[in-house]
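Comments concern the structure below.
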Amino acid sequence: MINLDLTWQQAAAGAATLAVASAALLRAGRVMGEARGAGRLGDAEAQHDDPRRAVMLRRLRAAGAFVREAAVVVGLFALWQLAGSFSLMGPDGATDRARWLWHAERVLDLPSEAAMQRPILPHPLIVQAFNLYYDTLHFPVLIACLIWLFARHRERYAQFRITLVAFTGLCLLIQLIPVAPPRLLPAIGMVDTAARYGQSVYSATGAFQADQLSAMPSVHVGWAILVAMAGIVALRSRWRWLAILYPVMTMLAVVVTANHFWLDGIAAAIVLLFVLAAQWATRRLRRGHAGPTEPGRAASQPADSVVRVGGG
1067 MINLDLTWQQ AAAGAATLAV ASAALLRAGR VMGEARGAGR LGDAEAQHDD
1117 PRRAVMLRRL RAAGAFVREA AVVVGLFALW QLAGSFSLMG PDGATDRARW
1167 LWHAERVLDL PSEAAMQRPI LPHPLIVQAF NLYYDTLHFP VLIACLIWLF
1217 ARHRERYAQF RITLVAFTGL CLLIQLIPVA PPRLLPAIGM VDTAARYGQS
1267 VYSATGAFQA DQLSAMPSVH VGWAILVAMA GIVALRSRWR WLAILYPVMT
1317 MLAVVVTANH FWLDGIAAAI VLLFVLAAQW ATRRLRRGHA GPTEPGRAAS
1367 QPADSVVRVG GG
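If you're matching positions, the sequence shown starts at 1067 in our numbering and goes up one per residue.
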């Protein structure tokens, strides 16, 4: 399989390019807005041109804001790629820590990953579908969710982005301690399904990659949970609860492809829960410091103007 992931240098260059483009678009919008506000056009020309200029102004501002957010996301991706090349400990203990996880799961009486994988191995199409799911789906779905929130649910976008950044950052800190994935432990009886069918993004490079030992916690699972939460909170349809199937399928995919243990996904869920709890506590603390709202001021504000970012 062709590795479509950008290097951190390529992603950083892309983020810088997007940032420059965003600054140019926002600057053009400001200049147009100032010219419009200063009334530099004649009366007749202004009446004819004003609606078109207003539309152009809105489009420039929207495009600038969108490109700015794209620059932030690509910049974070560059940081993630860069962090994957660092570790606080050498790779020698990564397999020992993976074996510890395997034995801890047996103590906790969790299902065997090898037993989950075994029934699908005789079905090449299913195995290859899971490989493609693991290798290609998490980034497009996450980016699509960001675009959807930005375009349709802007009041929830900022909180989602903060949660995403905090969760990914904490995962990167934990991943500084290398832990091998199940596919690098032949003794437990699991098969590297991606390598078997030539779909591995690691073997495609022909060399060892440090982020192969960034298995704990599973960012794939954490992102899938976050995307499902965004859909459930933002939508109002009764069908929104089907979004739960996405993290469930992601958890199944990372396990049966031998890329993660159950505990990798459980740890990701715990990290995400910690981030959400910290955000909730921060909002409570800010409301406490802000004190009660003045009655006159509260009465002067229409209810529709109060928008709570993140929906609590």
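Idealized CB from N, CA, C, for every residue including glycine.
All figures in this text were calculated on a predicted structure; none of them were measured in a lab.
Ranked by Cα distance from G1264, the first of T1323, L1318, P1252 and I1228 is T1323. In this structure, V1320 and V1287 form a Cβ contact; the two beta carbons are roughly 6 Å apart against a cut-off of 8 Å. Rounded to whole angstroms, the separation of the alpha carbons of A1082 and T1073 is 14 Å. Comparing alpha-carbon positions, the option among V1285, A1089, P1247 and A1333 lying closest to F1143 turns out to be V1285.
Where Y1200 is concerned, the enclosing alpha helix (DSSP H) starts and stops at P1190 to T1202.
CA-CA distance, V1337 to F1233, rounds to 7 Å. Cβ-Cβ distances below 7 Å link L1148 to W1074 in the same chain, with the five nearest sequence neighbours on each side left out; the list follows chain order. Only residues of its own chain outside the window of five on either side were considered, and among them V1193, V1257 and T1259 have a CB closer than 8 Å to the CB of L1187, listed in chain order. Assigned with DSSP and collapsed to three states, V1245 falls in strand. Taking each of V1245, L1311 and A1344 in turn and checking the Cα distance to T1161, the smallest one comes out for V1245.
Within the model, the alpha-carbon separation for R1172 versus D1330 is close to 14 Å. Between the alpha carbons of I1243 and V1086 lies a distance of about 36 Å. Separation of L1126 and Q1076 (C-alpha to C-alpha, rounded to the nearest whole angstrom) is 27 Å.
In this structure, DSSP gives S1280 an extended state, which the three-state scheme calls strand. Between the stretch 1087-1098 and the stretch 1131-1138, the count of C-beta pairs closer than 8 Å reaches three or more; the two stretches touch. A direct Cα-to-Cα measurement between A1181 and P1313 gives close to 20 Å.
Assigned with DSSP and collapsed to three states, M1122 falls in helix. At a Cβ-Cβ threshold of 8 Å, L1208 and W1289 count as neighbours. Going by C-alpha positions, L1236 is about 18 Å away from V1293. The alpha carbon of R1227 has as its nearest neighbour, out of Q1278, L1191, A1281 and A1296, the alpha carbon of A1296. Just measuring C-alpha positions, the residue of G1099, V1140 and V1139 sitting nearest V1121 is G1099.
Judged by DSSP in its simplified three-state form, Q1265 adopts coil rather than helix or strand. Where A1347 is concerned, the enclosing alpha helix (DSSP H) starts and stops at W1328 to A1356.
Within the model, the alpha-carbon separation for L1301 versus P1252 is close to 44 Å.
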